[in-house]
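Let me begin by presenting the structure, written as structure tokens, before commenting on it.
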Amino acid sequence: MVNKKSYGLGSQRSSIRELFEYGRQRIAVAGYDSVCDFSLGNPSTPAPEQVRKAFSDILENEPPVAVHGYTSAPGCDEIRRAIASSLTNKFNMDIRPENLYITCGAAAAVTSVLAALTIDNQSEFIAVAPFFPEYRCFAEVAGGSLKVVPADETDFQIDFDELEKAININTQAVLVNSPNNPSGAVYSAETVKRLASLLAAKSAEYGKPIYIVADEPYRELVYGKVSVPFIPEYYGNTIVCYSYSKKLSLPGERVGYALVTNKVEEWKKVFDAVAGSARMFGYVCAPSLIQRVIARCADIQPDLRVYERNRNLLYASLTEMGYFCAKPDGAFYLFVKSPAGNGNDFSEAAKKKDVLIVPGAPFGCPDFVRIAYCVDTEVCERALPVFGEIINSK
Ligand code: PLP
């Protein structure tokens with residue numbers, strides 16, 4: 004006998020992973036040049052040179068026992084100090100090492116935070132569509148449930164009437180992912196202010212804090228002059244979950260953090276609950292080598308040139324062909340409305356022509372597909388005629 008839920012999650016891949024595995028097989032048979040794989044958010048830009056140098060320097064010059072040993076459960080002092088000082092310099096807040104819990108990426112941070120905020124099986128977390136599909140699994144593993152607020156499909160900000168209807172006494176937090184996977188939308192300061200005032204009012208009405216869990220793996224991936232509001236500046240009861248997977252192109256190294264600032268009510272209690280959840284799930288002590296690398300590289304900025312070029316090319320070409328998509332301000336995804344009204348059909352039609360795009364249903368928008376454009380530009384160029392053929396056949 005095994006746990007039914009675990010078995011279900013382990014035996015069925017997510018639709019994104021399913022398509023990615025299919026792409027690997029197709030590439031093995033048909034060759035790289037025949038397949039346009041836009042399935043997975045795996046950065047195509049290599050990790051910055053300074054990061055690669057830090058790896059080799061640490062391996063050559065630091066004592067192996069320390070480099071490969073366990074660190075403190077919340078992370079080694081060096082990384083917590085480096086990130087705290089980087090955040091303090093960047094934002095208008097005093098952030099200390101003790102506010103940071105280093106995790107194996109944003110996935111472990113979000114899961115630990117949701118578990119920390121789950122009171123009982125009535126606890127609810129709200130995600131605004133389109134949302135990262137793993138949130139459902141993270142919320143359920145934590146012991147609560149996920150409630151989805153329908154998308155505002157015009158610009159992918161928040162439909163506040165729908166959000167307000169979804170909040171009740173069991174609401175523990177609203178999950179915010181900006182820049183967003185899959186729409187690329189960045190919540191404006193106005194959206195964040197409205198969200199903060201709604202949640203402050205609802206917290207007062209129910210006599211308990213309703214938190215924001217800000218999942219921010221794409222914080223630095225923004226184009227042009229767009230800036231991403233730092234939500235703790237607008238709403239004290241915000242817990243930030245962060246990752247270096249996308250910013251530094253290190254998804255396989257598994258490193259990120261949960262940040263519980265002093266502005267969170269009873270912040271130390273909340274922090275300890277996050278630490279307790281991480282312990283419960285066996286997430287203590289993120290990999291030691293990458294912690295040391297990040298301690299040296301916390302301030303390095305990503306190279307966005309390829310992503311920006313791909314975004315501009317795909318957005319301009321697809322809208323000219325007649326597709327609808329909101330122009331993404333950040334991340335490396337384009338969320339495109341199916342010309343036939345159903346994202347599954349669109350994805351299937353493209354798959355038949357070896358263009359792999361993910362249906363929007365798991366993201367809460369069944370009429371859309373997601374194009375992960377973190378690929379070489381020539382892959383985007385090769386795919387354009389296929390998008391043209393599909394829309395012209397409707
Ligand atoms: N949250 C969002 C919105 C993501 O898109 C991803 C990964 O694609 C994650 C969390 C998980 O990131 P990590 O690799 O840091 O665990």
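Just add 3 to the spot in the sequence shown (first one is 1) and you have our numbering. Using N, Cα and C, we set each Cβ at its ideal position, and we do this for glycine too.
Give the secondary structure of A353 by DSSP, where H, G and I count as helix, E and B as strand, and everything else as coil. The sequence position of residue 353 within the sequence shown is 350, counting from 1. Here A353 carries a helix assignment [DSSP, helix/strand/coil].
With distances taken from CA atoms, which of G344, K211, Y318, R20 is nearest L387? The count along the sequence shown starts at 1 and reaches residue 387 at position 384. The shortest Cα separation from L387 among G344, K211, Y318, R20 belongs to Y318.
Please find out if some non-hydrogen atom of the ligand PLP comes closer than 6 Å to the beta-carbon of S42. Here the question's residue 42 lines up with position 39 in the sequence shown. Result no, Cβ not under 6 Å from the ligand PLP.
Alpha-carbon to alpha-carbon, I86 and V271: By 1-based counting over the sequence shown, the position of residue 271 is 268. By 1-based counting over the sequence shown, the position of residue 86 is 83. According to the sequence as given, residue 271 is Lys; it is not Val. Taking C-alpha positions only, K271 is separated from I86 by approximately 18 Å.
On the three-pair Cβ rule with 8 Å, is the stretch 218-231 touching the stretch 179-198? Touching, yes.
For A33 and K355, I'd like the C-alpha separation in whole angstroms. In the sequence shown, counting from the first residue as 1, residue 33 sits at position 30. In the sequence shown, counting from the first residue as 1, residue 355 sits at position 352. One alpha carbon belongs to A33, the other to K355, and they sit about 13 Å apart.
I'd like the span of the alpha helix (DSSP H) that includes L90, first residue to last. Here residue 90 corresponds to residue number 87 of the sequence shown, with the count starting at 1. Residues 80-93.
Buried versus exposed, by CB contacts within 10 Å (16 or more), I172: As a position in the sequence shown, residue 172 is number 169, starting the count at 1. Classification of I172: exposed, given that the 10 Å Cβ count is below 16.
Minimum length 4: unbroken alpha helix (DSSP H) runs contained in the stretch 155-180: The stretch 155-180 is shown to contain whole alpha helix (DSSP H) runs of 4 or more residues at 163-169, in chain order.
Is it buried or exposed for D370, if we count other Cβ within 10 angstroms and need 16 for buried? As a working mapping, residue 370 is identified with position 367 in the sequence shown. So D370 ends up on the buried side.
If we require 4 or more residues per run, which alpha helix (DSSP H) segments fall completely within the stretch 9-94? With a minimum length of 4 residues, the continuous alpha helix (DSSP H) runs that stay inside the stretch 9-94 are 18-33, 52-64, 67-70, 80-93.
Among T91, S148, I30, the one whose alpha carbon lies nearest that of T264: Locating residue 264 in the sequence shown gives position 261, counting from the first residue. In terms of CA proximity to T264, T91 leads the group T91, S148, I30.
When you compare each of Y104, V309, N347, F366 to E381 by their alpha carbons, which one comes out closest? Taking the first residue of the sequence shown as position 1, residue 381 is located at position 378. Out of Y104, V309, N347, F366, the CA that lies nearest to the CA of E381 is found in V309.
Along the alpha helix (DSSP H) that carries V189, what are the first and last residues, could you check? Numbered from 1 along the sequence shown, position 186 holds the residue referred to as residue 189. Run containing V189: none; DSSP gives neither H nor E here.
Distance between R222 and L262 (C-alpha atoms, nearest Å): Mapped onto the sequence shown, residue 262 falls at position 259. Mapped onto the sequence shown, residue 222 falls at position 219. Taking C-alpha positions only, L262 is separated from R222 by approximately 14 Å.
Reducing DSSP to helix, strand and coil, say where D348 ends up. Locating residue 348 in the sequence shown gives position 345, counting from the first residue. In the structure shown, the three-state DSSP call for D348 is helix.
Hey, A375 and L43: beta-carbon distance below 7 Å or not? As a working mapping, residue 375 is identified with position 372 in the sequence shown. As a working mapping, residue 43 is identified with position 40 in the sequence shown. With respect to the 7 Å criterion, A375 and L43 are classified as neighbours on the basis of their beta carbons.
Look up G259 in the DSSP assignment and give the residues it is bridged to. Taking the first residue of the sequence shown as 1, we reach residue 259 at position 256. G259 pairs with T106, S246.
Closer than 6 Å: S248 CB and nearest the ligand PLP heavy atom: Here the question's residue 248 lines up with position 245 in the sequence shown. S248: yes, Cβ under 6 Å from the ligand PLP.
Using only the alpha-carbon positions, how far apart do E101 and R282 sit? Position 98 of the sequence shown holds residue 101. Position 279 of the sequence shown holds residue 282. Taking the straight line joining both Cα atoms gives about 17 Å.
For D218, verify whether its CB is less than 6 Å away from any heavy atom of the ligand PLP. Taking the first residue of the sequence shown as 1, we reach residue 218 at position 215. Result yes, Cβ under 6 Å from the ligand PLP.
Check whether the stretch 288-296 and the stretch 68-77 touch, using three or more Cβ-Cβ pairs below 8 Å as the test. They touch, by the three-pair rule.
Cβ neighbours of V361 in the same chain (closer than 7 Å, five flanking residues each side left out): Start at 1 with the first residue of the sequence shown, and residue 361 comes out as number 358. If we look at V361 and ignore the five residues flanking it on each side, its Cβ neighbours are S18, I19, L22, S42, S350, V372, R373.
What is the rounded straight-line gap between the Cα of P49 and the Cα of N124? The residue you call residue 49 lines up with position 46 of the sequence shown. The residue you call residue 124 lines up with position 121 of the sequence shown. Here the C-alpha atom of P49 lies approximately 42 Å from the C-alpha atom of N124.
Could you tell me whether the Cβ atoms of G259 and G13 are closer together than 7 Å? Indexing the sequence shown from 1 puts residue 259 at position 256. Indexing the sequence shown from 1 puts residue 13 at position 10. G259 is not a Cβ neighbour of G13, given a cutoff of 7 Å.
Under 8 Å: do the stretch 229-241 and the stretch 183-195 share three or more Cβ pairs, one atom per stretch? At 8 Å Cβ cutoff, the stretches touch.
Going residue by residue through the stretch 288-350, where are the continuous alpha helix (DSSP H) segments of at least 4 residues, counting only ones entirely within it? Those alpha helix (DSSP H) runs which fall completely within the stretch 288-350 and span 4+ residues are 291-300, 308-324.
From the DSSP secondary-structure annotation, give me the bridge partner or partners of I129. Taking the first residue of the sequence shown as position 1, residue 129 is located at position 126. Looking at the DSSP assignment, I129 forms a beta bridge with K150, V177.
Neighbourhood of Y245 by C-beta distance below 6 Å, restricted to the same chain and skipping five residues each side: Walking along the sequence shown from the start, residue 245 turns up at place 242. Excluding residues within five positions, the ones whose Cβ falls inside 6 Å are E219, G259, Y260.
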